[in-house]
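Remarks on the structure that follows.
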Amino acid sequence: MNSLEVSAQTEMVELVLNGKHVEGLCLVALPHSGAVGRWDGNAIMGSGILGLAYAMANTGILLFLFLLTCVALLSSYSIHLLLKSSGIVGIRAYEQLGFRAFGTPGKLMAAIAITLQNIGAMSSYLYIVKSEVPLVIQTFLNLPEKTSDWYMNGNYLVILVSVTIILPLALMRQLGYLGYSSGFSLSCMVFFLIAVIYKKFQISCPLPTFSANVTGNTSHVQIIMKDSSGGDPLIQASNTDSCTPSFFTLNTQTAYTIPIMAFAFVCHPEVLPIYTELRDPTKQKMQHISNLSIAVMYVMYFMAALFGYLTFYDRVESELLHTYNKVDPFDVLILCVRVAVLTAVTLTVPIVLFPVRRAIQQMLFQDKEFSWLRHTLIAVILLTCINLLVIFAPNILGIFGIIGATSAPCLIFIFPAIFYIRIVPKDKEPLKSTPKILAICFAGLGVLFMTMSLSFIIIDWISGNGKSGGNH
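Throughout the sequence shown, residue numbering follows UniProt numbering, covering 1 to 472 in sequence.
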């Protein structure tokens, strides 16, 4: 192993220890397993939680629960395949498993999938910035309605945040104190869940509609009920059908459900580096930690989706926080949640950018020494591309959908299965053995899921039925 490879592996371990990408899995490893459990959940939980209520609205409660359970169980089985493959060859990096299984093409496939997943994560974070910062400013300025001023334009604001906060942090050579943002991010998501549950019992149904006088004097703010035709306020809304929960629903938006869930449960690239950092690492211990983390996130995801859905029913948007603005843009609790989530996602973007930049440098500049110019240019180009994607993306649903239907099934289903089939010796497990047949079926399920999800999403785009949940 040459010095460049040693340096690269050391950098990756530092990234995992200091703070990981919040969309990933189950843990940022610390030397003792008690702390690992806390970081485990942080690796799974991320922006995907904001889209789950919308997913439930387009599947129904029972179908959503069934699909969420399936994705969680399959994610756990996928980790089992990775750990078993890793144990046989002694490799503790996702890309290196790909190299061992298929050579350079396998390593490149894994690196590209991880890079796309991280770019999707950063895009979703910045879309939250684009969507939520104008609402925070609107609340602080006591504006009853959104104005056309530049400081209320999400496109300008996401660029401003990227240039003034994210880029300087992304130019650091080491993560340093940014690593502590991982724990802060998880705390923010727990705060978000508590607020969603609390607001369910504060917001009546039919949905109250915000109204204020034109002077913007908050002492005259009223919450009134309007009928669906937009006519005069009514004491009671005429249509209460929207307040009845659905247990099973199929429509064009259902195609986004599994991709959103897959996006939310991707954690697999972080499993092996964390496995390495465990005290007395064993496959059983790592599998137990992973299963526990997935179970905790499973409960939190379902609770966030359920209470978010039961608050807004079929009116929930693809970015749940944005939906609360329909009721009262001056709500103090939701304002606090917005500020917390915005802080968390803003600090997380530089953390996610580090492994993406490292992967690009490994693929394109493997034999080059460190260069500040190259270090800076890669960060600027990445942030520019992601900002353009966020500005022109019609809604966050498209980001969840495309990434969840492409890189996520590769990282969860296809790659772990085919790596396992290739790495585990035939004398230990013949191709016709039960474990390998299950792995083949698992890979086939991933291909089927990817093909069907992409097909339905593309059909939905072509037909123009996609909702604009939370446009800005």
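Positions of the beta carbon are idealized from the N, C-alpha and C atoms, including for glycine.
As the structure is a prediction and not an experimental result, all values here were calculated from the model.
CB of residue i within 8 Å of CB of residue j, strictly
i: Leu321; j: Leu50; result: yes
i: Ala110; j: Phe415; result: yes
i: Phe66; j: Met56; result: no
i: Phe192; j: Val341; result: yes
i: Phe413; j: Ser78; result: yes
i: Tyr313; j: Cys205; result: yes
i: Pro259; j: Gly60; result: no
i: Thr139; j: Phe330; result: yes
i: Ala262; j: Leu52; result: no
i: Ala319; j: Ser131; result: A quick correction: the sequence has Glu, not Ala, at residue 319. Yes; because the gap between Cβ atoms is below 8 Å, this pair is in contact.
i: Leu382; j: Leu353; result: yes
i: Ser76; j: Asn325; result: no
i: Ala379; j: Leu160; result: no
i: Val266; j: Ala408; result: yes
7 Å CB neighbourhood of residue i in its chain, flanking five on each side removed
i: residue 486; result: With the chain represented from 1 up to 472, any question about residue 486 goes unanswered, as that position is not in the structure.
i: Lys200; result: Phe307, Leu310, Thr311
i: Pro269; result: Gly24, Tyr94, Ile114, Leu411
Beta-carbon proximity list for residue i, same chain, < 8 Å, skipping 5 on both sides
i: Pro281; result: Tyr275
i: Asn58; result: Thr249, Asn251, Gln253, Thr254, Tyr256, Thr257
Contacting residues, own chain, Cβ-Cβ under 6 Å from residue i (five flanking each side not counted)
i: Gly188; result: Checking the displayed sequence, the identity of residue 188 turns out to be Cys instead of Gly. The residues are Ala340, Val341, Ala344.
i: Leu157; result: Val133
i: residue 476; result: This structure gives no information on residue 476, because the portion of the chain shown stretches from 1 to 472.
i: Ser242; result: Tyr313, Asp314
Residue i classed as buried or exposed, judged by whether at least 16 other C-beta atoms fall within 10 angstroms
i: Asp460; result: buried
i: Gln96; result: buried
i: Ser463; result: exposed
i: Thr406; result: buried
i: Asp427; result: exposed
i: Gly444; result: exposed
i: Gly90; result: exposed
i: Val327; result: buried
Any C-beta of chain D under 8 Å from that of residue i
i: Ile112; result: The structure shown contains no chain D; it holds only a single protein chain.
Inter-stretch contact (C-beta, 8 Å, three-pair minimum) for the stretch 249-263 and the stretch 449-466: yes
Touching by the beta-carbon criterion (3+ pairs, under 8 Å), the stretch 157-168 and the stretch 303-312: Short answer: they don't touch.
Any 3 or more C-beta pairs closer than 8 Å across the stretch 438-451 and the stretch 141-151: no
Given 8 Å, three or more beta-carbon pairs between the stretch 336-356 and the stretch 181-201: yes
Inter-stretch contact (C-beta, 8 Å, three-pair minimum) for the stretch 431-444 and the stretch 107-117: Contact between the stretch 431-444 and the stretch 107-117 is absent, because fewer than three Cβ pairs lie under 8 Å.
Cβ contact check for the stretch 69-85 and the stretch 361-376: 3 or more pairs under 8 Å: The stretch 69-85 makes no contact with the stretch 361-376: fewer than 3 CB pairs, one atom from each, lie closer than 8 Å.
Cβ contact check for the stretch 90-105 and the stretch 385-392: 3 or more pairs under 8 Å: no
Cβ pair count under 8 Å reaching 3, the stretch 338-352 against the stretch 118-133: yes
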